[in-house]
Amino acid sequence: MSTLNRAAAAQTIDERRAMRRTVAAAALGNGLEFFDFTVYSFFAVLIGRLFFPASSDAGALMLSLATFGVGFVARPLGSVAIGAYADRVGRKPALVLTVALMALGTGIIGFAPTYAQIGIAAPLLIVIGRLLQGFSAGGEVGAATTLLMESGGARRRGELVSWQMASQGGAALAGALVALTLSRWLPPDALQGWGWRVPFVLGLLIGPVGFYLRRHLDDTLPHPAAGAPRVSRRIPWRQVAAGTLLVIGGTSTMYTIVFFLPSFLTLTLGMPASVSLLSGCTAGAVMLAGSPFAGRFADRLRRRKPMLQTVCAISTALVLPAFHAMRAWPSVFTVLAVVVVLIGLMTLSSPAGFVMILEALRPEVRATSLGMIYALGVTIFGGFAQLIVSALWRATGSFYAPAWYVLGGGVASFVGLALFREETAR
């Protein structure tokens, strides 16, 4: 091998290593958020009992879940504040900030004294921790996904962006397995005394790793040349509105099928409680394994909108038959098959959808706009999905109430796709 060839090979290896570090650094914060989401959901009853005084366990659980929802309310604020910081100062400093805030919020929850120890200050600490996590998560997706998209050439954007979805799946799977391990191996007193804190401490330990990796990232924010005219930082509201509608389908599917459906089936069809953990692990595994392939597939498409419309139509059409199958043949196998099909279709479309949105946004407002799209869609149709579907079910008494909610999300995504103006790569 000639000297020139050896130098070229060495450069290629260095570039690949740098890209792997970029992917790991960008995906870590989003993964930490989903890890905490899964763990908090798993231990919601226990956290409610320890931190929220109420006349019954049901009341404590409702207060615990309401506090969990506070994190979603803080997301839009974080998407605007941190997104603007990423678009003006840089993607790198914004990502350093988000992982620091996420670790701080996680640490507060993990080490907070209980209500029996410090009284009313205990639930206030949990609220503060959730606010910090939500604020950080609101800015995380826009800045991290933008950096991934801008780090590679136009032919690798789908593959790079797909690692955001893969990190969510891997983190949800890890969170469920950690929670299961603790619940199985620790006696109830130990689990209530200190065991539930272990996952949050693990999440806190991930924070310094993410902070270090992100401090050594190469920023991708383009800086205008000296003397160049001022760039417009006007938010493209049409694209933001259409993009928000676009993400509702995947959001309603994810939060209804994975987080609400298992409990719903336990109440209506007498399914075993273990179906909740199994469905969460299955969904996480599908997202983790399928996202990179979906990203590479998106990179092969000249236009992504037709594929997204096709997948949206198929997944929407399958919702009611899927619920009919679960009612006609109630079994864990049927539920897991529904999870694999619907979450698999969502995973297939996500990288293409993110890349299409990002390419339509100007770099000067890209992180802010994407953060707003994701935060608004997830806050309203994800964070409050369980409350909305529960209200629909109680009002109608219909087994198909969750299906109608997911179906409505699919229709909203189809409308968003029709309104969204696909642009050439920027």
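Under the numbering used here, think of the first position of the sequence shown as 26, with each following residue one higher.
Ideal placement from N, C-alpha and C gives every residue a C-beta, glycine not left out.
Residues near residue i by beta carbon distance below 6 angstroms, same chain, minus five either side
i    : result
L345 : A428
V431 : S277, T278, T281 and V344
Q264 : A385
G108 : G164, G167, A392, T393 and G396
P287 : V300, S301 and S304
A347 : V363
M174 : R182, V186 and L383
V203 : P224
S374 : L333 and V336
A128 : L229 and G232
V440 : L270
V403 : T276
S438 : L271, I273, G274 and C337
A12  : Only positions 26 to 451 of the chain appear in the structure, and residue 12 is not among them; the question remains open.
M44  : none
Rounded distance between the beta-carbons of residue j and residue i, thought under 8 angstroms
i    : j    : result
G407 : G195 : G407 to G195, Cβ: 19 angstroms. No contact.
F379 : V70  : Actually they do not touch by this definition, with Cβ atoms about 34 angstroms apart.
V166 : L442 : That belief does not hold up - the Cβ atoms of V166 and L442 are roughly 20 angstroms apart, past 8 angstroms.
L120 : L172 : 7 angstroms
G96  : Q158 : 5 angstroms
A319 : A169 : The Cβ separation is near 18 angstroms, so there is no contact.
P355 : M312 : That belief does not hold up - the Cβ atoms of P355 and M312 are roughly 25 angstroms apart, past 8 angstroms.
M351 : T359 : 5 angstroms
V124 : G54  : 5 angstroms
A49  : L238 : 6 angstroms
L150 : I133 : 6 angstroms
S208 : T47  : With a Cβ gap of about 36 angstroms, S208 and T47 do not count as contacting.
M381 : R321 : Between R321 and M381 the Cβ distance is about 16 angstroms, and since that is not below 8 angstroms, they are no contact.
E58  : A197 : About 10 angstroms; that fails the 8 angstroms criterion.
M190 : S316 : 4 angstroms
A199 : F289 : That pair is no contact at about 25 angstroms.
G220 : L227 : Not quite, the Cβ-Cβ distance comes to about 12 angstroms (not below 8 angstroms), so this is no contact.
E447 : D324 : That belief does not hold up - the Cβ atoms of E447 and D324 are roughly 15 angstroms apart, past 8 angstroms.
T63  : A201 : 6 angstroms
Residue i: first and last residue of the uninterrupted alpha helix (DSSP H) it sits in
i    : result
F322 : S299 to D324
R387 : That residue, R387, is in no alpha helix (DSSP H); it is neither H nor E in DSSP.
H349 : K330 to A353
Y237 : V223 to R240
A147 : A146 to S176
E184 : R182 to W210
G73  : A69 to F76
S472 : Lying before the first or after the last residue shown, residue 472 is absent from the chain, which here runs from 26 to 451.
S356 : Run containing S356: none; DSSP gives neither H nor E here.
G118 : Sequence inspection shows Pro at residue 118; the Gly mentioned does not correspond to that position. First-last of the alpha helix (DSSP H) with P118: R116 to F136.
D214 : P213 to G218
F445 : No alpha helix (DSSP H) contains F445, which DSSP labels as neither H nor E.
T291 : L286 to L294
A460 : Only positions 26 to 451 of the chain appear in the structure, and residue 460 is not among them; the question remains open.
Cβ-heavy atom distance, residue i to the ligand FMN, below 7 angstroms
i    : result
T335 : Among the components of this structure there are no ligands whatsoever, and the ligand FMN is therefore not found.
Close-in-space but distant-in-sequence residues of the same chain around residue i (CB under 8 angstroms, 5 per side omitted)
i    : result
F284 : S66, G305, A410 and Q411
R454 : Summary: the structure shown does not reach residue 454, with the chain confined to residues 26 through 451, and so no result is reported for it.
A251 : With a pLDDT of 48 at A251, under the threshold of 50, the predicted position of this residue should be treated as unreliable, though the coordinate-derived value follows. So the list is empty, once near-sequence residues are dropped.
L444 : R263, A266, A267 and L270
V365 : T307 and V311
Q217 : L71, R74 and L75
W418 : F289, A426 and P427
F236 : V121, V124, A125 and A128
Same chain only: Cβ atoms within 7 angstroms of residue i, ignoring 5 sequence neighbours per side
i    : result
M332 : L326 and A377
A33  : Its pLDDT being 43, under 50, A33 is placed unreliably in this model, and the coordinates cannot settle the point.
F160 : A99, L102, G103 and L126
A147 : F76, A137, P138, T139 and Y140
L401 : P101 and T269
T293 : F424
Chain C within 8 angstroms of residue i, Cβ atoms only
i    : result
L432 : Of the protein chains in the structure, only one exists, and it is not chain C.
- prompt: Can you give, in chain order, each stretch of the alpha helix (DSSP H) that sits fully within the segment 405 to 438 and has at least 4 residues?
  reply: Here the runs fully enclosed are 410 to 421.
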